[in-house]
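Peer 1: One structure, as structure tokens, below. Some questions next.
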Amino acid sequence: MTTALNRIDQLFADRDRKRFIPFLTVGDPTIEATFHLVKAMVEAGADLIELGVPYSDPLADGPTIQRASERALKNGVTIGDALQLVKRLRESGMEACIVLFTYFNPVLQYGIERFFADLAAYGADGVVIPDLPIEESGPAVTAAKQNGIHVISLVAPTSSSRINTIGAQATGFLYCVSSLGVTGARTDLREDLADFLERVKASTSVPTAVGFGISTPDQVRTVAPHADGVIVGSAIVQQIEEHAEQLKDLKQMPVAVEKIKTFVHQLASALQ
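Residues in the sequence shown are numbered from 10 upward in steps of one, following this note's numbering.
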């Protein structure tokens with residue numbers, strides 16, 4: 010069993026500082042672009058990177074991230090490629106936390122024990138599996154613990170009576186879903202979001218991070234007081250989509266990466 014302290018635990022040891030967590034899809038529009046975007050996001054203030062594994066039936070994802078998955082799948086990107094990207098990022102000297110966001114079927118096809126062993130071997134710190142309910146997560150959680158990896162639990166406003174159960178079993182951090190439905194930028198956040206986040210915080214000893222629908226610096230500032238971290242996905246993926254052609258061209262890529270880095274910096278700066 011791995012005994013070294015997980016990077017996520019180290020990151021959230023200081024709860025006085027809020028943490029910024031960007032999401033992007035591996036291989037959108039190319040794996041090379043993802044590598045450079047991740048490095049730029051860390052330079053822009055990202056504390057933890059959430060890497061989406063492209064999947065053909067992404068039930069939790071809205072249209073923006075679905076399109077990103079489609080672009081990556083057309084490039085033949087697999088869960089194995091995502092793991093190799095993690096390895097490359099670590100070999101490049103990146104120390105920021107890395108969490109994979111994937112669905113359970115790819116994990117099952119890869120092999121549960123092999124998947125968690127490779128997560129640890131290649132340098133990942135955790136995984137989010139949105140279609141794996143905690144009641145059925147036993148084999149994954151066991152394999153994760155054996156390799157020092159956190160399986161990040163999600164809790165939604167509709168979780169209601171299960172909030173305390175999910176909160177009690179959470180490790181790493183608890184992913185709070187800010188809005189109903191799938192991922193995607195929202196113009197307005199739920200009026201009762203603060204109450205929901207406070208209920209979740211009261212249910213658990215692990216840090217909380219809020220995501221789904223947060224897309225602007227103002228929204229980051231609004232939710233930050235009620236969580237330890239803020240996750241932004243679709244708004245960043247939309248930026249990647251708008252610059253996809255530049256990102257596919259090695260000569261133009263640095264310009265596009267710099268524009269997206271500036272956008273991420275604006276979001277991350279709104280936290281403190």
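For each residue, glycine too, the CB sits at the ideal point set by N, CA and C.
Spatial neighbours of glutamine 261 within its chain, please: C-beta separation below 7 Å, excluding the five flanking residues on both sides.
Peer 2: The residue given as residue 261 occupies position 252 in the sequence shown. Here the set comprises Gln255.
Peer 1: Here's a check: name, in chain order, each residue in its chain whose Cβ is nearer than 7 Å to the Cβ of phenylalanine 221, leaving out the five neighbours to either side.
Peer 2: By one-based count along the sequence shown, residue 221 stands at place 212. Within the same chain, phenylalanine 221 has close Cβ partners Val186, Ser187, Ser188 and Thr192.
Peer 1: Please list the segments of the beta strand (DSSP E) lying wholly inside the region 29–85, counting only runs of 3 or more residues, in order along the chain.
Peer 2: Qualifying beta strand (DSSP E) stretches, in chain order: 57–61.
Peer 1: The beta strand (DSSP E) with isoleucine 240 in it runs from where to where?
Peer 2: On the sequence shown, residue 240 is found 231 positions in, with the first residue counted as 1. Unbroken beta strand (DSSP E) run through isoleucine 240: 238–241.
Peer 1: Taking Cβ to Cβ, would you say leucine 280 is nearer than 8 Å to alanine 244?
Peer 2: Sequence index remark: in the sequence shown, residue 280 carries index 271 (1-based). Sequence index remark: in the sequence shown, residue 244 carries index 235 (1-based). For leucine 280 and alanine 244, no; Cβs fall outside 8 Å.
Peer 1: Please classify leucine 20: does DSSP put it in a helix, a strand, or coil?
Peer 2: On the sequence shown, residue 20 is found 11 positions in, with the first residue counted as 1. In this structure, leucine 20 counts as helix in the three-state DSSP scheme.
Peer 1: Check for me: the alpha helix (DSSP H) holding threonine 271 runs from which residue to which?
Peer 2: Position 262 of the sequence shown, counted from the start, is the residue given in the question as residue 271. Looking at the DSSP string, the run of the alpha helix (DSSP H) that includes threonine 271 is 262–278.
Peer 1: Hey, which unbroken runs of the beta strand (DSSP E) at 3 residues or more fall wholly within the region 154–183?
Peer 2: Counting whole runs of 3 or more residues, the region 154–183 contains the beta strand (DSSP E) stretches 159–161.
Peer 1: Rounded to the nearest angstrom, what separates glycine 145 and histidine 159 at their Cα positions?
Peer 2: As a first step, residue 145 must be located in the sequence shown, where it is residue number 136. As a first step, residue 159 must be located in the sequence shown, where it is residue number 150. Strictly speaking, residue 145 in this sequence is glutamate, with glycine absent from that position. Cα to Cα, glutamate 145 sits roughly 16 Å from histidine 159.
Peer 1: Work out the CA separation of isoleucine 88 and valine 62 for me, nearest whole Å.
Peer 2: Position 53 of the sequence shown, counted from the start, is the residue given in the question as residue 62. Position 79 of the sequence shown, counted from the start, is the residue given in the question as residue 88. When rounded, the distance between both Cα atoms is 6 Å.
Peer 1: Short of 8 Å in beta carbon distance, which residues of its chain neighbour leucine 20, apart from the five on each side in sequence? Order them along the chain.
Peer 2: The count along the sequence shown starts at 1 and reaches residue 20 at position 11. Same-chain partners within the cutoff: Arg28, Asp56, Leu57 and Cys106.
Peer 1: Give the straight-line distance between the Cα atoms of alanine 277 and proline 139, rounded to the nearest whole angstrom.
Peer 2: Here the question's residue 277 lines up with position 268 in the sequence shown. Here the question's residue 139 lines up with position 130 in the sequence shown. Looking at the two C-alpha atoms, the distance is approximately 24 Å.
Peer 1: Closest to aspartate 204 by C-alpha separation, out of Val229, Gln155, Val264 and Ser169, would be which residue?
Peer 2: Taking the first residue of the sequence shown as position 1, residue 204 is located at position 195. Considering only alpha carbons, the answer is Ser169.
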